[in-house]
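Taking it in order: structure first as structure tokens, then the write-up.
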Amino acid sequence: MSAWNQLFTGNTGSEKEAHVIPLRTLRCLAARWLSAFALAAIALPAQARTFSCSGGDTACLIGAIVEANANGKANTIALSAGTYTLTAADTLTPGGYEDTGLPAITGKLTIVGDGAEDTVIERSTASQLFIHPFRIFSVTGDLSLRRVTVRGGGGSSGGVPGIIRGGCILSGGTLAITDSVITNCQAREGAGLNVSQATILNSTIAGNTASVEGGGVLGRTLVITNTSILSNSALFGAGVDCNSTGGKVTIVNSTFARNGGFTGSAVHLGPASDAPRFPPDSFIISATIENSTIADNNSVVGRALHTDQGPTLTIKGSILANNTPAATADCPNAGATSLGYNLIGNPASCPTFLRSNDIQGDPGLGAFVDDGTPGHAYFPPLPGSPAIDGGGVVAKRQSGKFDKPHAAETPHGPEGDCPAGDQIGQPRAGHCDLGSIEFVADRVSIRQVRFDSRSGVLFVSANSSAARDDVSLAVSVEECLASAPTLRLGGGYLLLTQPACGNLEGATVRVTSSGGGSAAALIR
Numbered sequence: 006m007s008a009w010n011q012l013f014t015g016n017t018g019s020e021k022e023a024h025v026i027p028l029r030t031l032r033c034l035a036a037r038w039l040s041a042f043a044l045a046a047i048a049l050p051a052q053a054r055t056f057s058c059s060g061g062d063t064a065c066l067i068g069a070i071v072e073a074n075a076n077g078k079a080n081t082i083a084l085s086a087g088t089y090t091l092t093a094a095d096t097l098t099p100g101g102y103e104d105t106g107l108p109a110i111t112g113k114l115t116i117v118g119d120g121a122e123d124t125v126i127e128r129s130t131a132s133q134l135f136i137h138p139f140r141i142f143s144v145t146g147d148l149s150l151r152r153v154t155v156r157g158g159g160g161s162s163g164g165v166p167g168i169i170r171g172g173c174i175l176s177g178g179t180l181a182i183t184d185s186v187i188t189n190c191q192a193r194e195g196a197g198l199n200v201s202q203a204t205i206l207n208s209t210i211a212g213n214t215a216s217v218e219g220g221g222v223l224g225r226t227l228v229i230t231n232t233s234i235l236s237n238s239a240l241f242g243a244g245v246d247c248n249s250t251g252g253k254v255t256i257v258n259s260t261f262a263r264n265g266g267f268t269g270s271a272v273h274l275g276p277a278s279d280a281p282r283f284p285p286d287s288f289i290i291s292a293t294i295e296n297s298t299i300a301d302n303n304s305v306v307g308r309a310l311h312t313d314q315g316p317t318l319t320i321k322g323s324i325l326a327n328n329t330p331a332a333t334a335d336c337p338n339a340g341a342t343s344l345g346y347n348l349i350g351n352p353a354s355c356p357t358f359l360r361s362n363d364i365q366g367d368p369g370l371g372a373f374v375d376d377g378t379p380g381h382a383y384f385p386p387l388p389g390s391p392a393i394d395g396g397g398v399v400a401k402r403q404s405g406k407f408d409k410p411h412a413a414e415t416p417h418g419p420e421g422d423c424p425a426g427d428q429i430g431q432p433r434a435g436h437c438d439l440g441s442i443e444f445v446a447d448r449v450s451i452r453q454v455r456f457d458s459r460s461g462v463l464f465v466s467a468n469s470s471a472a473r474d475d476v477s478l479a480v481s482v483e484e485c486l487a488s489a490p491t492l493r494l495g496g497g498y499l500l501l502t503q504p505a506c507g508n509l510e511g512a513t514v515r516v517t518s519s520g521g522g523s524a525a526a527l528i529r
């Protein structure tokens, strides 16, 4: 006899003793079972979630952050392409002037968009004259931003004081930014980012304005890799600033361009003024800059790289050139040490910085390039640039295999080596180039050459692998042509009429790219 049968019939083997359990007893048992199931459900742990928001659905984004904070797990919010516009502050702090547009991030959260060019989180520009200024994000937990643009936070309006810290993002937790853009934000300190700890990879920090320090980034512990920091402004540290004792800054494969301020237009380390230190070692900060390009930055006085009151800065494999004021801006001050293989455009006032394998003079950089991809704004080296092959050898892992491009964790020695990939993902090989971009000669191909001996007209059709607008093609035929006319990229025909050249059959046509490539073909 089964236990189940015994329970409901009371039959222990003798059919004479069978009976039915009273209804009251059944109800009691059912209540106990329901309670047990309820307790089991309560005991189930919360699960990580992926929230999805359709393009521009700001209410969905706000609601997803609230639910993610309550969840207590590592959650993800997937944003479809669109503009998520914030018209009012969600979080009001005492005084009303340090507001945040989105709910504060208190848990572990990843927000991933559909590409930074198409997925934008912004403060409404239409309403800025009628509301208190507010930043976009506040973080006390762990936030990872991927493939999004954050813009327009902070600022001041209608006589109301602006945001003090973090115009776009204020973070006392952990922040990771990848394939993203932080732009057009304002604050007194850390207009783009004001952070305790941040990793920035393959991103652009541009057009942010701080009234005191840290136009682009103000942070304590920073790792910046394959990133463009452009056109930011501040009195101190227009690009990047670190003013916290114990701070550590690592910059690899990055470009600082067109940033402007009083001093430290690219990077400033130390307090925002020259006030005395109490105690004397209160601003111990260590920073390294590796295989980066620092060009076209403007300081009212001083230098593009500036340290105040104690920080140490080491630089290797980098280009510092074309910064203003020309007499001093290219040279870091006394707090910096060269680890070699740097190129200094104007070495005036820094004889103690230069090492025997540092290079001086014109870096041979091409026109500024920005294809709109986060982290893809840079100065390419031109053919013949002294930066080409001017560095050490490519870093290798302990296994002996070459590292992959974009690897921020590549182990580097004290001098001579360099990352295996450059700022835009091109592999470095052999003796790598100085600066953030490895020179790659364009591949030129000649598709057709036709000469009409009766008219003396030569047709040439050619193209180049270059996708940049600043690259052009030129054609020459041995010593016959007096000039090198420009070919249109995309394989357009070029018509050359040189009757004095005579019969060109059998001569060699050479097409040369301004990007360093060339090809030749016989005229038949």
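6 is the number of the first residue of the sequence shown in my numbering; add one for each residue after it.
Beta carbons: idealized from backbone N, C-alpha and C, even for Gly.
The structure presented is a predicted model; accordingly, all values stated were derived computationally and were not measured.
{"Check": "Distance between V117 and G5 (C-alpha atoms, nearest Å)", "Outcome": "Residue 5 is absent from the model: the chain starts at 6 and stops at 529."}
{"Check": "Per-residue DSSP class, three states only, for T63", "Outcome": "helix"}
{"Check": "Residue nearest to A79 in terms of C-alpha spacing, selected from V399, L439 and T55", "Outcome": "T55"}
{"Check": "Span separating the alpha-carbon of D95 from that of A203", "Outcome": "24 Å"}
{"Check": "Where the beta strand (DSSP E) containing L310 begins and where it ends", "Outcome": "L310 to T312"}
{"Check": "Through-space distance from S469 to D147, alpha-carbon basis", "Outcome": "45 Å"}
{"Check": "Chain-order list of residues whose beta-carbon lies under 6 Å from that of R448 (same chain, five-residue window excluded)", "Outcome": "S470 and G522"}
{"Check": "Per-residue DSSP class, three states only, for I70", "Outcome": "helix"}
{"Check": "Start-to-end residues for the beta strand (DSSP E) that takes in F464", "Outcome": "V462 to S469"}
{"Check": "Q453, buried or exposed, once every other Cβ within 10 Å from all chains shown has been counted against 16", "Outcome": "exposed"}
{"Check": "Where A51 sits in the DSSP three-state scheme", "Outcome": "coil"}
{"Check": "Closest Cα partner of G430 within the set A332, Y383 and I234", "Outcome": "Y383"}
{"Check": "Proximity winner among T329, I324, S201 and A353, relative to L344 (alpha-carbon distances)", "Outcome": "I324"}
{"Check": "Straight-line gap, E443 to A341 (C-alpha atoms, nearest Å)", "Outcome": "25 Å"}
{"Check": "Supposed contact pair A292 and V254 - C-beta distance, whole angstroms, cut 8 Å", "Outcome": "4 Å"}
{"Check": "Residue burial classification, A243 (beta-carbon count within 10 angstroms, cutoff 16)", "Outcome": "buried"}
{"Check": "Where N76 falls: helix, strand or coil (DSSP)", "Outcome": "helix"}
{"Check": "Nearest-angstrom Cβ-Cβ length linking A467 and V516, presumed shorter than 8 Å", "Outcome": "4 Å"}
{"Check": "Whole runs of the alpha helix (DSSP H) within the region 300-344, excluding any shorter than 4 residues", "Outcome": "none"}
{"Check": "Where L122 sits in the DSSP three-state scheme", "Outcome": "At residue 122 the sequence reads Glu, which differs from the Leu that was named. Coil."}
{"Check": "Straight-line gap, F42 to N76 (C-alpha atoms, nearest Å)", "Outcome": "Because F42 sits at a pLDDT of 47, beneath the cut-off of 50, its placement in the model cannot be relied upon, and the following sentence gives the value as read from the coordinates. Distance between the alpha carbons of F42 and N76 is about 22 Å."}
{"Check": "Cβ neighbour criterion (16 or more within 10 Å) applied to Q52", "Outcome": "exposed"}
{"Check": "The beta strand (DSSP E) enclosing T204, as first and last residue numbers", "Outcome": "L198 to L206"}
{"Check": "Local Cβ density within 10 Å of L44, reported as buried at 16 or more and exposed below that", "Outcome": "Legend: pLDDT at L44 = 43, less than 50; position of this residue unreliable, value from coordinates given subsequently. It is exposed - the Cβ of L44 has fewer than 16 other Cβ atoms within 10 Å."}
{"Check": "Member of S59, S57, A121 and D62 whose CA lies at the smallest distance from the CA of D376", "Outcome": "A121"}
{"Check": "Bridge partner(s) assigned by DSSP for Y89", "Outcome": "I126"}
{"Check": "Simplified DSSP assignment, three categories, for V445", "Outcome": "coil"}
{"Check": "Own chain, CB closer than 6 Å to T232, minus 5 neighbours either side, in chain order", "Outcome": "I205, S208, S259 and G380"}
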